[in-house]
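To start, the structure itself, in structure tokens.
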Amino acid sequence: MTDTANSDGVTIDWARLKQEAVLATTRAYAPYSHFSVGAAGLAEDGRLVTGSNVENASYGLTLCAECSLISDLVRTGGGRLVAVAVVSGSGEPCTPCGRCRQLLFEHGGPECLVDGDGHVRTVDELLPGCFGPGRMEVDR
Ligand code: THU
40 MTDTANSDGV
50 TIDWARLKQE
60 AVLATTRAYA
70 PYSHFSVGAA
80 GLAEDGRLVT
90 GSNVENASYG
100 LTLCAECSLI
110 SDLVRTGGGR
120 LVAVAVVSGS
130 GEPCTPCGRC
140 RQLLFEHGGP
150 ECLVDGDGHV
160 RTVDELLPGC
170 FGPGRMEVDR
């Protein structure tokens, strides 16, 4: 993946993001599925944030790598995500699950770029017409 600029002209170093996502897979806790996932994201202020999946014996409580990444984003100062790369332990891109697409929408908005399958797509393409904070302002 070559570097790209988003709609705000921010240059995204996809190779670096992928490298950090691969590193994050080595910190996953996945004793049940044995499917490690790592995510790395670029915040609008240039910060790099990462996450790994954290499983639980009560399987439904598992935290996806993107969920950990959002936690890292908020914990380190918040702001908007500009780009995210997600990979599995083999280093191959891993497309975000439905719940994580919603999390990325909340913290990255529709224009946030995601490499989850080797192609860069916007969150809006991954989750078209979704519910979000803006909808609540309509008729709260
Ligand atoms: N997983 C993620 O971390 N992110 C996704 O978007 C898809 C799934 C994790 C959850 C679980 O630990 C493992 O992959 C198998 O589902």
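Letter by letter, the sequence shown follows residues 40 to 179 of this note's numbering. C-beta atoms are modelled at their ideal positions from N, C-alpha and C, and glycine is treated no differently. Predicted model, so just to flag it, every value in this text is computed and none were measured.
Handout entry: Closest Cα partner of residue 53 within the set 61, 59, 42
Key = Comparing Cα-Cα distances from residue 53 to each of 61, 59, 42, the minimum goes to 42.
Handout entry: Residues near residue 121 in its chain [Cβ-Cβ closer than 6 Å; skip 5 each side]
Key = Closer than 6 Å at the Cβ level, and outside the excluded window around residue 121, lie 45, 49, 81, 83.
Practice task
Just list the beta strand (DSSP E) runs in the segment 109-178, keeping only unbroken ones of 3 residues or longer that don't cross its boundaries, in chain order.
Solution key: For the beta strand (DSSP E) assignment, the uninterrupted runs of no fewer than 3 residues enclosed by the segment 109-178 are, from N- to C-terminal side, 120-127, 152-154, 159-161.
Exercise for the section: Using 10 angstroms around the beta-carbon of residue 89, count the other beta-carbons present and answer buried if the total reaches 16, otherwise exposed. Expected result: The residue is buried, with at least 16 neighbouring Cβ atoms inside 10 Å.
Practice task
Evaluate the contact criterion for the segment 161-170 versus the segment 94-104: three or more CB pairs, one atom per stretch, below 8 Å.
Solution key: With a cut-off of 8 Å, the segment 94-104 and the segment 161-170 do not count as touching, because too few Cβ pairs lie within range.
Problem - Among 147, 62, 174, nearest to residue 130 - alpha-carbon criterion - result: When the alpha-carbon of residue 130 is set against those of 147, 62, 174, the nearest one is in 62.
Practice task
Between the Cα of residue 60 and those of 117, 124, 109, 112, spot the shortest distance and give me the residue it belongs to.
Solution key: For residue 60, the nearest C-alpha among the options comes from 124.
Exercise for the section: Could you tell me if residue 115 is buried or exposed, where buried requires 16 or more neighbouring beta carbons within 10 angstroms of its beta carbon? Expected result: With fewer than 16 other CB atoms across the displayed protein chains lying within 10 angstroms of its CB, residue 115 is exposed.
Practice task
For residue 74, verify whether its CB is less than 7 Å away from any heavy atom of ligand 1.
Solution key: Within the cutoff, so yes.
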